[in-house]
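*Asks:* Mind looking over this structure? Questions follow.
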Amino acid sequence: MNARDRLAWLRPLLLAGLVAAAAFIPAQRALTRGDLPTTCVEPNRHMTMYAVELPREDGKPRLAYGLTPDTASIPGPTIKMIEGDCLAITVVNTVSRDVLRELRDDPLLGSRDPDMPLGVSLHVHGVKYTQSSDGTFATNSWIPPDESRTYVWFAAPKIVAAGRVISQGTAGYWWYHDHVVGTDHGTGGAASGLFGAVIVRRAGDVTPDRTYVVAMGPDATLNLKRFPETDCPAEPSLEDASNSCYVAVQGERVEFAVIGFGDDFHTFHLHGHNWADTRTGMLASQLDDSRLVDNKTVGPADTFGFQIVAGEEVGPGSWMLHCHVQAHSDRGMVTFFHVFTPAGILLNSSAPVELHEHFGRP
Amino acid sequence: MNARDRLAWLRPLLLAGLVAAAAFIPAQRALTRGDLPTTCVEPNRHMTMYAVELPREDGKPRLAYGLTPDTASIPGPTIKMIEGDCLAITVVNTVSRDVLRELRDDPLLGSRDPDMPLGVSLHVHGVKYTQSSDGTFATNSWIPPDESRTYVWFAAPKIVAAGRVISQGTAGYWWYHDHVVGTDHGTGGAASGLFGAVIVRRAGDVTPDRTYVVAMGPDATLNLKRFPETDCPAEPSLEDASNSCYVAVQGERVEFAVIGFGDDFHTFHLHGHNWADTRTGMLASQLDDSRLVDNKTVGPADTFGFQIVAGEEVGPGSWMLHCHVQAHSDRGMVTFFHVFTPAGILLNSSAPVELHEHFGRP
Amino acid sequence: MNARDRLAWLRPLLLAGLVAAAAFIPAQRALTRGDLPTTCVEPNRHMTMYAVELPREDGKPRLAYGLTPDTASIPGPTIKMIEGDCLAITVVNTVSRDVLRELRDDPLLGSRDPDMPLGVSLHVHGVKYTQSSDGTFATNSWIPPDESRTYVWFAAPKIVAAGRVISQGTAGYWWYHDHVVGTDHGTGGAASGLFGAVIVRRAGDVTPDRTYVVAMGPDATLNLKRFPETDCPAEPSLEDASNSCYVAVQGERVEFAVIGFGDDFHTFHLHGHNWADTRTGMLASQLDDSRLVDNKTVGPADTFGFQIVAGEEVGPGSWMLHCHVQAHSDRGMVTFFHVFTPAGILLNSSAPVELHEHFGRP
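From first to last, the protein sequence lines are chains A, B and C.
Just so you know, we're using this note's numbering here: the first sequence kicks off at 61 and counts up by one.
Just so you know, we're using this note's numbering here: the second sequence kicks off at 61 and counts up by one.
Just so you know, we're using this note's numbering here: the third sequence kicks off at 61 and counts up by one.
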C-alpha cells in the first residue's frame, strides 16, 4: 500500500477540516511594496500550498506540503520557475498545535524551549525574497496553526551589460523547507517532511521529459524512505512514475534534482550515467572543461541537478541510484532508475530486483 | 564585554612582555636564495605578526596572530595580496612554553609525545613558498618560544602564452594557520585560534567595500564563537563592523572569506543572497555557466569566498548566516548579516534578534 | 619489508594455484551485442585482471586486483583510456569462498545475510557499460570463486555539433571497485583492497611524466596504509616510485588521481602546490575562472585528479600530502611528495622525515 493509498480514508476528513479551517483562517494583510523584491512590481504567478499532517510512520509525525491538502507529499510539489518569474505562494498551516509542540519538545531534534512559538513556515533557497518572506522567527515571517501567509519569490534574471555579467541570476536547482518547526532552524520540520524542490530555468534552457527529486536525509533515507519503499512496486509500469519510482523510456531526457538535509553528508551516485558539474549538468560550450561526475558530495542544504539521456550508450535496464557512503547504502539508502526499452518494456521486470537483507550495519 | 575590552587590562603587561621578549629574541639569519620562490628575487612587501596568548575561554587556552601583540584576534589579520606580490612575514612567538606543553599534552587534541618540540609556526595555503617557509617540523621551519622567523609567500601570477594558460596563478581565498602546536599538524594551534584568511586578487579583479571572515570550526562554532557571541551588540551601528559583527549598507559590495578547520564538515548558508561557485563568486563571462549556490559544503581547510551586493533585490534587514548542518545551527553556529538602509538605518534594530534557547541538542 | 617483499614467498604458491584454478575455470560465454555499449561495435582493447588474496594485515583479509596474480596491489593497476576506447576486461576470481564468507559475515562491515551469494565483481565509474558489466547482484553480473567474467567499458567521446556539446564524453578521473563482497554494495570488497583508478583522457590532453593514486579510505588511511607505511623507504631514490612512494624530479609533470571510499569524508591537501578545480586540474582557457584549490573535500566514491609541475616556484624538497581532517592526519593519514633536484638529489634525504608519535587521538 503506497502513501497515497494509505491516505485515501483520510481524504474526506481532511477536506472537511480544510473547509472548517478556511472559515477560521484570519484574512491576510495585503502585500505591500516592502514585501516585494526590488524588480518585482507585482507577482505574475500565484499558488496556494497547504502544510498538512500525514499519517505517522514508526510513531513519528509526518508533515508535508501539498497543492491541496489531500495531495500533500514528501517531497512536496516541485516548483518550476523561469528567470523573471515572480511567484506569490499562500501557505495554509493545517498542522495541529499538538504535533508542533511534540516536535518542539522532541528530546533529540527539538529545542525544548517553552518560549518558542508554534507554527510552520516556508523558507526558500536561491531565489530572491524580502525579509517578510524569509520564513524565520527572527523576521516574524512564520504561520501559526490555522493561519496562512503569502510568501513572494522572485527568480531574478541574469543581467549582462557590455559583455560583462552584472547580475548572475537565480537559475539552478534549489529547495524550499520549513524553518521554524522544532527549532529556530526548522530541524523538526524538514525531518518530518516539510520540504520540496525548486527548479529555476533560464530562457533557452533545454527542458526535460521527466523530473525526479532525490532528497538525501537523516537515518540513511531517500525522500525519508529506505529500500524497498524508495523503489517502484513489483513489475513497474511507466504510469507508476513518482519520486518513489524513477522510470523512463530509453532516449528520454530525465532530470534529477538532488537535495541534502539534516545532519549527515552523503554522496549521490547513479550507475551507468554521468553529467557535468555545472548549473545544468551539461557543458555550456566547447570551451567549458568542467569536471564530469557520476558521484557527488551532498551536504545538508546543498542542492544540485542535472539532465541525462536515459540509457544513453548503456541501454535499458534497472540502474542503481544510491548514496555511496557504504554504511548508508548498506542500510537501504538505495533505489533504482528503471529505463524501459523504446517499446516500453522493462527487462527482467518479471523478476524484480531484491537486495539482500543487511543485519550487520548499525 | 567583547574580546578587545576583556584584553584591555592585559595591554600594558603584553607590551612590557614584548619589549622584554624582543630583547631576548635571537637575531634571525638573513634570507638566502633558497628561501625565495623561483620568481621572487626579493620580497616587495614586509610585515610582522605576533603569535600571542589571549585570555582563556572556558578554561581553554586561546592563541591568536596579530599585527601587534595587543591587536591579536581570532581570526587573525586578513592578509590581502595581489598576484605578483612577494611578502616576507616575520612571526614573533610570544606564546609561553607552558601553554604549548599543555596543548601538546591535551588528552583529546594533543600528541602527548614528550619528544615533540614546543613552538608555533605559520603555514599558508594557495600561495607559493619554499621548504623553509612550510611551517612544519618536517622542514624544521617552526619557531621556539621567544624566537622569531621570517616566512616568504609569493602570490605567483597566472601566465598565459599564445592563448594557453601556462601557469594558473594563485588568486583565490586561502588561509594561514599554525602547523606545529599540539600535534605535527597544528591541531591544537588552529583549535586555539592561530589562523586567519589570505585573499589573493588578480589584476583587474573587482574590489569589495567590506571583507568579512567566517571560519567554521570545531564544536559548532563560527570564528570559535557561538551565537550570540558571533553577532553584533544590541542596536548595532556600522562602526561595530568586525568578524563578529557583519554589517553593511544596502548596495555595498561585501566579500565573505569562508574557512573550514578542525575535524568537522559544515555547510555555509547565507539567507537572501547567492553567488557563483567560481574563483571570485561571480560569473567570469557570458559563457561561464558555473553553478549558482547559496549553500556550500566546507571541509577542514577548504576555503572559498565571494562578493555580493548587500540586499540586492531583497532589501535591507538582518539576514541569517549559518551552518546548515541542523545539529550545528541548533547549537548556535549562527549569526546575522545586517544590511542597513541607504540612510544608515537597521530596521527592527530596537528589537534585536534573539534566538530561542535550545536545550535538546548535544 | 614492503608489501611486495612480504609477498615474495607466496609467489610460487599463487602461480601454482592460478594454474590449478585456470584448469577449473568454466569457459565464459561469448560477448553479445547486448553486452556492448551502443557505439562500441567491438572492443579495441583487451586485458585480464585477477582478483586475489594478499597476506592478511592485522588479522584482516586483504584482497587486490592485479594484471597477474603475483603483481596484484592496493590500489590495483591504474587503467588509462582515451575517449573512444572500448576495453574488454576479463576478471578471474581467485578469492576463496572462505574469505568471501568471512567478509559477508563480518559483524561490522558484512551483510550477515546467509542468502547472499559469494563472489567478486568489477564495477566502474564514469565510463559506459551495459547492465551485464554493472558488477552487481541486481544485474547478475558478478563472478563466483574460480570463475571469470568479461566486463566491457566504453570511454564514450565528447560530441560537439554546430558548436553545441551534444554529449559531454567520459574524460576524467574515475575508479573501479568490487560491488558484491560483504554486502550488495561491496563494502567489504573495497575495504579489503579491491579498487583502483581509471583515467580517461581526451584527444589533445597533456600527458604527465608520472601518475600516482591516493585512495582516502576508512580508519584514516591512504591506500589502506598509515604513515610511515604510506611513505618511501629511508633515503628514497627515484626507482622507489610507487603508490606508497611519491617521488619526482623538479620540473616533471606529475598527476595525482584521488579516490574516496568507505564511510568517511576527507579533505585532500598537498603542500606547496595548487591546481584548478576542473576536469584536468588546469584552466581550460583564458576565460576559465574556475577556483584554484590546494585542498578538496572527498566523499566516498568521489574522484578527482590534477597535474602539477613538481616544485614549480617552490623548489625541491619533501612536501607533505595529507588529509586535512585533523583527527585523520594526526592518526597518520599522511605521506610526502618527494621532489628531487634536477641533479636527482633529495635534500635532507640522509635525515628522513619522522613524524612524532601521537598517543592522544582515538
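No residue lacks a Cβ here, since even glycine has one placed at the ideal position from N, Cα and C.
Give a yes or no on whether the minimum CB-CB distance between A:E417 and chain C is below 8 Å.
*Replies:* Looking up residue 417 of chain A in the first sequence gives position 357. With 8 Å as the cut-off, A:E417 counts as an interface residue toward chain C.
*Asks:* For C:T338, tell me which candidate among B:Q228, B:G377 and B:Q310 has the shortest Cα-Cα distance.
*Replies:* Counting from one through the third sequence, the residue named residue 338 of chain C turns up at place 278. Nearest option by C-alpha distance: B:Q228.
*Asks:* Listing by chain order, which chain C residues have their CB less than 7 Å from the CB of A:M380?
*Replies:* As a working mapping, residue 380 of chain A is identified with position 320 in the first sequence. Neighbours of A:M380 on chain C, chain order: T196 and A198.
*Asks:* Is the CB-CB distance between B:G359 and C:T290 below 8 Å?
*Replies:* Locating residue 359 of chain B in the second sequence gives position 299, counting from the first residue. Locating residue 290 of chain C in the third sequence gives position 230, counting from the first residue. No, the Cβ-Cβ distance between B:G359 and C:T290 is not below 8 Å.
*Asks:* I'd like to check one pair, C:V273 with C:N303: are the Cβ atoms closer than 8 Å?
*Replies:* Residue 303 of chain C sits at position 243 when you count from the first residue of the third sequence. Residue 273 of chain C sits at position 213 when you count from the first residue of the third sequence. Yes, the pair counts as a contact, with Cβ atoms nearer than the cut-off.
*Asks:* Give a yes or no on whether the minimum CB-CB distance between C:A83 and chain B is below 8 Å.
*Replies:* Here residue 83 of chain C corresponds to residue number 23 of the third sequence, with the count starting at 1. Because the pLDDT of C:A83 is 46, which lies under 50, any placement of that residue in the model is unreliable, and the question is left without a value.
*Asks:* How many Å lie between B:V184 and B:H237 at the Cα?
*Replies:* In the second sequence, the residue the question calls residue 184 of chain B occupies position 124. In the second sequence, the residue the question calls residue 237 of chain B occupies position 177. Cα to Cα, B:V184 sits roughly 6 Å from B:H237.
*Asks:* In this structure, does DSSP put B:A251 in helix, strand or coil?
*Replies:* Counting from 1 along the second sequence, the entry for residue 251 of chain B is found at position 191. It is helical.
*Asks:* Going by beta carbon distance, what residues of the same chain come within less than 8 Å of C:I142, once the five residues before and after it are set aside?
*Replies:* If you number the third sequence from 1, residue 142 of chain C lands on position 82. A215, V260, R261, R262 and A263.
*Asks:* If you measure beta-carbon to beta-carbon, which residues of the segment 342-360 of chain B are closer than 7 Å to chain C?
*Replies:* Residues A344, S345, L347, D348, T357, G359 and P360.
*Asks:* Apart from the five residues just before and just after C:S389, which ones in its own chain have a Cβ nearer than 7 Å to its Cβ?
*Replies:* Residue 389 of chain C sits at position 329 when you count from the first residue of the third sequence. If we look at C:S389 and ignore the five residues flanking it on each side, its Cβ neighbours are H382 and C383.
*Asks:* My output table needs one value for B:H388: the three-state DSSP class, helix, strand or coil.
*Replies:* Against the second sequence, residue 388 of chain B aligns to sequence position 328. Note: B:H388 maps to helix in three-state DSSP.
*Asks:* I need the straight-line Cα distance from A:A387 to A:D354, nearest angstrom please.
*Replies:* Position 327 of the first sequence, counted from the first residue, corresponds to residue 387 of chain A. Position 294 of the first sequence, counted from the first residue, corresponds to residue 354 of chain A. Cα to Cα, A:A387 sits roughly 19 Å from A:D354.
*Asks:* Tell me the rounded alpha-carbon separation between B:F197 and A:A280.
*Replies:* Here residue 197 of chain B corresponds to residue number 137 of the second sequence, with the count starting at 1. Here residue 280 of chain A corresponds to residue number 220 of the first sequence, with the count starting at 1. Rounded to whole angstroms, B:F197 to A:A280 spans 41 Å at the Cα level.
*Asks:* In chain order, what residues of the same chain have a beta carbon less than 6 Å from the beta carbon of A:L406, not counting five sequence neighbours either side?
*Replies:* For the purposes of this step, residue 406 of chain A is taken as residue 346 along the first sequence, with counting starting at 1. So the list reads H398 and F400, once near-sequence residues are dropped.
*Asks:* Is A:T92 buried or exposed, if buried means 16 or more other CB atoms sit within 10 Å of its CB?
*Replies:* Taking the first residue of the first sequence as position 1, residue 92 of chain A is located at position 32. Exposed, since its Cβ has fewer than 16 Cβ neighbours within 10 Å.
*Asks:* Among all the DSSP beta bridges, which residues are the ones paired with A:H272?
*Replies:* The sequence position of residue 272 of chain A within the first sequence is 212, counting from 1. One detail in the question is off: residue 272 of chain A reads as Tyr in this sequence, not His. A:F316.
*Asks:* Just the Cα atoms here: how many angstroms apart are A:G277 and A:D362?
*Replies:* As a working note, residue 277 of chain A is residue 217 in the first sequence. As a working note, residue 362 of chain A is residue 302 in the first sequence. Spanning the two alpha carbons is a distance of roughly 11 Å.
*Asks:* Going by DSSP, what residues sit across from B:G126 in a beta bridge?
*Replies:* Looking up residue 126 of chain B in the second sequence gives position 66. Partner(s): B:Y110.
*Asks:* Measuring alpha carbon to alpha carbon, tell me which of B:P129, B:M342 and B:L160 ends up nearest B:N173.
*Replies:* Looking up residue 173 of chain B in the second sequence gives position 113. According to the sequence provided, residue 173 of chain B is Asp. The question's Asn does not apply to it. Of the listed residues, the one whose Cα sits closest to B:D173 is B:L160.
*Asks:* Per DSSP, what kind of secondary structure is A:S193 in: helix, strand or coil?
*Replies:* The count along the first sequence starts at 1 and reaches residue 193 of chain A at position 133. In the structure shown, A:S193 sits in a helix (DSSP, three-state: H, G or I).
*Asks:* Where do the ends of the alpha helix (DSSP H) carrying A:V159 lie?
*Replies:* Counting from 1 along the first sequence, the entry for residue 159 of chain A is found at position 99. It spans R157 to R164 - the alpha helix (DSSP H) in which A:V159 sits, taken as one unbroken run.
*Asks:* The ligand COA and B:L114: does any heavy atom of the ligand fall closer than 7 Å to the residue's C-beta?
*Replies:* Summarising the ligand content, the structure contains no ligands, and the ligand COA is consequently not present.
*Asks:* For B:T247 and C:N200, what's the separation of their Cα atoms in angstroms?
*Replies:* Within the second sequence, the letter at position 187 stands for residue 247 of chain B. Within the third sequence, the letter at position 140 stands for residue 200 of chain C. Rounded to whole angstroms, B:T247 to C:N200 spans 47 Å at the Cα level.
*Asks:* What is the C-beta distance between A:Y125 and A:M109, in whole angstroms, given that I count them as a contact (C-beta under 8 Å)?
*Replies:* The count along the first sequence starts at 1 and reaches residue 125 of chain A at position 65. The count along the first sequence starts at 1 and reaches residue 109 of chain A at position 49. Rounded, the Cβ-Cβ distance is 5 Å, consistent with contact.
*Asks:* For a cutoff of 8 Å on Cβ pairs, would you count C:A403 as touching chain B?
*Replies:* In the third sequence, residue 403 of chain C corresponds to position 343, counting from 1. No, no contact with chain B.
*Asks:* With DSSP collapsed to three states, give me the class of A:F397.
*Replies:* Within the first sequence, numbered from 1, the residue matching residue 397 of chain A stands at position 337. Strand at A:F397.
*Asks:* In chain B, which residues lie with their C-beta within 7 Å of the C-beta of C:S389?
*Replies:* Reading the third sequence from its first residue, position 329 is the one you call residue 389 of chain C. Residues of chain B passing the Cβ test: H245.
*Asks:* Which residue wins for smallest C-alpha separation from A:G375, given the options A:E312, A:D118, A:G392 and A:Q367?
*Replies:* Along the first sequence, read from residue 1 onward, the residue named residue 375 of chain A stands at position 315. It is A:E312 whose Cα lies nearest to the Cα of A:G375.
*Asks:* Quick one: what's got a C-beta closer than 6 Å to A:G341's C-beta in the same chain, skipping five residues either side?
*Replies:* Within the first sequence, the letter at position 281 stands for residue 341 of chain A. Around A:G341: W335, F366 and Q367.
*Asks:* Counting along the chain, where does the beta strand (DSSP E) carrying C:K403 start and finish?
*Replies:* Within the third sequence, residue 403 of chain C is the residue found at index 343, counting from 1. The sequence shown places Ala at residue 403 of chain C, rather than the Lys named in the question. Unbroken run through C:A403: none, as it is neither H nor E.
*Asks:* Residue range of the beta strand (DSSP E) that B:L147 falls in?
*Replies:* As a first step, residue 147 of chain B is located in the second sequence; it is residue number 87 there, counting from the start. Taken as a continuous stretch (DSSP letters only), the beta strand (DSSP E) holding B:L147 covers C146 to N153.
*Asks:* Would you identify the three-state DSSP class for B:R116, choosing helix, strand or coil?
*Replies:* Taking the second sequence and counting its residues from 1, the one referred to as residue 116 of chain B is at position 56. In the structure shown, B:R116 sits in a strand (DSSP, three-state: E or B).
*Asks:* Against chain E, does C:Y211 count as a neighbour if the rule is that its beta carbon must be under 8 Å from one of theirs?
*Replies:* Included in the structure are the protein chains A, B and C, with no chain E among them.
*Asks:* Taking 8 Å as the threshold (beta carbon to beta carbon), is B:S171 in contact with chain C?
*Replies:* If you number the second sequence from 1, residue 171 of chain B lands on position 111. Judged by the 8 Å Cβ criterion, B:S171 is in contact with chain C.
*Asks:* DSSP beta-bridge partners for B:V9?
*Replies:* Because chain B is modelled from 61 through 422, residue 9 of chain B falls outside the range shown and cannot be assessed.
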